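> Quick note on my numbering: the sequence shown kicks off at 297 and runs consecutively. Sharing a structure, written as structure tokens. Questions coming.
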Amino acid sequence: MALKKMLALTKGLEDPTHPLLGPTLKALSVFGLWQTGSQKSTVIYNTFHFLTFLFVITEYIDLYTVRKDLSKMLNNLSVTVLSTICMIKTLSYVCRQSHLKVLVREISELELELMKTTDKNIVKRLRQYTVYTRAVTYVYWFLVVGINVVLLTSPLLKYASSEIYRSEIKNGTEPPPLILCSWFPFDSARMPGYFWATMVHIIMSIQGCGVVATYDMNAVAVMSYLKGQTSILKDKCKAIFDETASSRDVLNRIRDCHRHHNILLRHYYMFNSLLSPIMFVYMLICSFTICCSIIQLDSSETTISQRIWIIQYSIGQISQLFLYCWHSNEFAAKTRDLDRGVYESDWTKGDVFLRRQILLLAGKLSQTLILNAGPYASLSIPTFITIMKGTYSFYTLFSQIQDSE
């Protein structure tokens, strides 16, 4: 019931030319990652992305200035790393916009083609993974908005939760709280510099959360598409000999299965080339940042507002990683069993020639596909568990070093 209401409220985001990717493409265009407008709007968006890149550099400058204070450095590092990930995701889509457009166009073309079929099972499969994608997308967007709200209100919470901190601000020993940690060429601790610094931080926070929410859900939508299309292809293989088809009909169905699989392979390799470098960088820093967050939670110097932010931040990081690993793992499981669709058909009805064609098709479909995170790791549940174990081991080692000191 709740899902139906949610889909009804978000019906305006649907796009008939992009049955699956309509909402995510509209969201991507809002944050300048899907550039299909005029040349002027493209220049404006790319200029803004360049300014965002400069802002990330100022975050690293500020991180360098507080390197001797472990508590401040860990607090700044969590936000700086998140900004870096957002910037990498932005550059990935902007620099490879042509590849993204080809992938989106071909996905939509295949879906529109399948929607015209009279096979109710195929239409049902399309509907199932589309509804599932919508539910995951909107819930994830709600989570990201919540994290952004906590981030934007963190200075106020920090100010309200600590009487000592309020007195330090009045005495001038501590600067007023800011949303993010970055360097400015003016005094951001006094008006009007503090006002402009806050405005910049609000804009950058909204942009960063928007990039994370739209990029991740577009990726999840494509992974759901790959999984759903694999199920549709398996159903096609099962039905090769249905309805006492003639030899010509069977060959046409085998040919259609080959064509469908070729399209699926093409989309898999295109998407993997877009996603793999980003996930490689993300996995490298994810375990480290989660560990830093746990260390901050364990610190007695951490305020209530910082603890709320750290908990939300850690949940967001783990959720991101789990979403990618789970959906990639599901896709791999589907491709692992894809050739069974051929063997579950009534292949015994065919003559020797048709059986040879069936055997060739089964061999072609036996390849297991899984999305990669760079050249060394795959996006899977075992990888997710390994990262969580590594994070805990790193935290244990750090705690022992702290205790020994």
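Each residue gets a CB set at the ideal place from its N, CA and C atoms; glycine is no exception. Quick caveat: nothing in here was measured; it's all calculated off a predicted structure.
So the candidates are 428, 629, 529 and 472; which of them puts its Cα closest to the Cα of residue 554?
The residue you call residue 554 lines up with position 258 of the sequence shown. When each option's Cα is compared against that of residue 554, the closest is 529.
> One question on the structure: do residue 623 and residue 519 come within less than 8 Å of each other, judged by their Cβ atoms?
Residue mapping note: residue 623 aligns to position 327 of the sequence shown, counting from 1. Residue mapping note: residue 519 aligns to position 223 of the sequence shown, counting from 1. Going by C-beta atoms, residue 623 is nearer than 8 Å to residue 519.
> Between which two residues does the alpha helix (DSSP H) holding residue 717 run?
Any property of residue 717 remains undetermined from this structure, which presents the chain solely from 297 to 701.
> Please classify residue 487: is it buried, with 16 or more other beta-carbons within 10 angstroms of its beta-carbon, or exposed?
One-based indexing of the sequence shown puts residue 487 at position 191. Residue 487 is exposed by the Cβ-count criterion.
> Per the contact definition of three or more C-beta pairs closer than 8 Å, is the region 404 to 418 in contact with the region 375 to 393?
no
> Please classify residue 664 as buried or exposed, where buried requires at least 16 neighbouring CB atoms within 10 angstroms.
Locating residue 664 in the sequence shown gives position 368, counting from the first residue. Label assigned to residue 664: exposed.
> Among 570, 630 and 517, which has the Cα closest to the Cα of residue 392?
Residue mapping note: residue 392 aligns to position 96 of the sequence shown, counting from 1. Taking only the C-alpha atoms, the option nearest residue 392 is 570.
> So, using beta-carbon positions, are residue 446 and residue 608 closer together than 8 Å?
In the sequence shown, residue 446 corresponds to position 150, counting from 1. In the sequence shown, residue 608 corresponds to position 312, counting from 1. The answer is yes: Cβ separation under 8 Å.
> For a test of the three-state rule: what should DSSP assign to residue 674, helix, strand or coil?
Position 378 of the sequence shown holds residue 674. Looking at residue 674 - three-state DSSP - the assignment turns out to be strand.
> Could you compute how far the alpha carbon of residue 339 sits from the alpha carbon of residue 347?
As a working mapping, residue 339 is identified with position 43 in the sequence shown. As a working mapping, residue 347 is identified with position 51 in the sequence shown. If you take the alpha carbons of residue 339 and residue 347, they lie about 12 Å apart.
> Rounded to whole angstroms, what's the CA-CA distance from residue 633 to residue 527? Just pull it up for me.
Start at 1 with the first residue of the sequence shown, and residue 633 comes out as number 337. Start at 1 with the first residue of the sequence shown, and residue 527 comes out as number 231. Spanning the two alpha carbons is a distance of roughly 10 Å.
> In the structure shown, what three-state DSSP assignment does residue 535 receive?
Looking up residue 535 in the sequence shown gives position 239. The answer is coil: DSSP assigns residue 535 none of H, G, I, E or B.
> Taking the alpha helix (DSSP H) that residue 395 belongs to, which residues open and close that run?
Taking the sequence shown and counting its residues from 1, the one referred to as residue 395 is at position 99. Boundaries of the alpha helix (DSSP H) harbouring residue 395: 393 to 411, taken from the DSSP string.
> Taking only three categories from DSSP, how would you classify residue 633?
Taking the first residue of the sequence shown as position 1, residue 633 is located at position 337. Coil.
> Who pairs with residue 668 in a beta bridge, going by DSSP?
Position 372 of the sequence shown holds residue 668. 674.
> Going by C-alpha distance, which of 629, 658 and 649 is nearest residue 637?
Counting from 1 along the sequence shown, the entry for residue 637 is found at position 341. The residue with the shortest Cα to Cα distance from residue 637 is 658.
> Is residue 593 buried or exposed, if buried means 16 or more other CB atoms sit within 10 Å of its CB?
If you number the sequence shown from 1, residue 593 lands on position 297. Under this definition residue 593 is an exposed residue.
> Buried or exposed: residue 333, going by 16 or more other Cβ atoms within 10 Å of its Cβ?
Within the sequence shown, numbered from 1, the residue matching residue 333 stands at position 37. By the 10 Å Cβ count, residue 333 comes out exposed.
> So who's on the other strand from residue 314, going by DSSP bridges?
The residue given as residue 314 occupies position 18 in the sequence shown. In the DSSP output, where bridge partners are listed per residue, residue 314 has 311.
> Leaving aside the five residues before and after residue 579 along the sequence, list all residues of the same chain whose C-beta is less than 7 Å from its C-beta, in chain order.
Translated into the one-based positions of the sequence shown, residue 579 becomes position 283. For residue 579, where only same-chain residues beyond five positions count, the Cβ hits under 7 Å are 669, 673 and 683.
> Are the C-beta atoms of residue 544 and some chain D residue less than 8 Å apart?
Here there is only one protein chain, and chain D is not present.
> Going by the CB atoms, is the gap between residue 379 and residue 355 shorter than 8 Å?
Sequence index remark: in the sequence shown, residue 355 carries index 59 (1-based). Sequence index remark: in the sequence shown, residue 379 carries index 83 (1-based). Yes, Cβ-Cβ distance for residue 355 and residue 379 is below 8 Å.
> What does a CB cutoff of less than 6 Å around residue 417 pick up in its chain, not counting 5 residues either side in sequence?
Against the sequence shown, residue 417 aligns to sequence position 121. So the list reads 531, once near-sequence residues are dropped.
> Identify, in the order they occur along the chain, each residue of the same chain with its Cβ nearer than 7 Å to the Cβ of residue 582, setting aside the five sequence neighbours on each side.
Here residue 582 refers to the residue found at position 286 of the sequence shown. Hits under 7 Å: 613, 617 and 683.
> Less than 8 Å between the C-beta atoms of residue 533 and residue 641, yes or no?
Locating residue 533 in the sequence shown gives position 237, counting from the first residue. Locating residue 641 in the sequence shown gives position 345, counting from the first residue. For residue 533 and residue 641, yes; Cβs fall inside 8 Å.
> Determine the DSSP secondary structure at residue 477, reduced to helix, strand or coil.
Indexing the sequence shown from 1 puts residue 477 at position 181. Correct three-state label for residue 477: coil.
> Measuring only the C-alpha atoms, how far is residue 311 from residue 691?
If you number the sequence shown from 1, residue 311 lands on position 15. If you number the sequence shown from 1, residue 691 lands on position 395. If I take the Cα positions, the gap works out to 46 Å.
> Taking residue 421 as the reference, which of 649, 524, 374 and 315 has the closest Cα?
Along the sequence shown, one-based indexing puts residue 421 at 125. Nearest of 649, 524, 374 and 315 to residue 421, Cα basis: 524.
> Using the Cβ count rule (16 or more neighbours within 10 Å means buried), how would you classify residue 471?
Working through the sequence shown from its first residue, we reach residue 471 at position 175. Exposed, because fewer than 16 other Cβ atoms sit within 10 Å of the Cβ of residue 471.
> Roughly how many whole angstroms lie between the Cα atoms of residue 414 and residue 508?
Residue numbering aside, residue 414 sits at position 118 when the sequence shown is read from its first letter. Residue numbering aside, residue 508 sits at position 212 when the sequence shown is read from its first letter. Rounded to the nearest angstrom, the two C-alpha atoms are 38 Å apart.
> Closest by CA to residue 439, which one among 685, 424 and 619?
Walking along the sequence shown from the start, residue 439 turns up at place 143. The option with the nearest alpha carbon to residue 439 is 619.
> Which residues bound the alpha helix (DSSP H) around residue 649?
In the sequence shown, counting from the first residue as 1, residue 649 sits at position 353. Counting along the chain, the alpha helix (DSSP H) containing residue 649 begins and ends at 648 to 661.
> Buried or exposed for residue 574, going by 16 or more other Cβ atoms inside 10 Å?
Position 278 of the sequence shown holds residue 574. By the neighbour-count rule (16 or more Cβ atoms within 10 Å), residue 574 is buried.
> Using the three-state DSSP reduction, which class does residue 330 fall into: helix, strand or coil?
As a first step, residue 330 must be located in the sequence shown, where it is residue number 34. Note: residue 330 maps to coil in three-state DSSP.
> Hey, residue 621 and residue 679: beta-carbon distance below 8 Å or not?
Mapped onto the sequence shown, residue 621 falls at position 325. Mapped onto the sequence shown, residue 679 falls at position 383. Cβ distance < 8 Å, so residue 621 and residue 679 count as in contact.
> Please report the distance separating the alpha-carbon of residue 477 from that of residue 500.
Within the sequence shown, numbered from 1, the residue matching residue 477 stands at position 181. Within the sequence shown, numbered from 1, the residue matching residue 500 stands at position 204. Roughly 11 Å between the two C-alpha positions.
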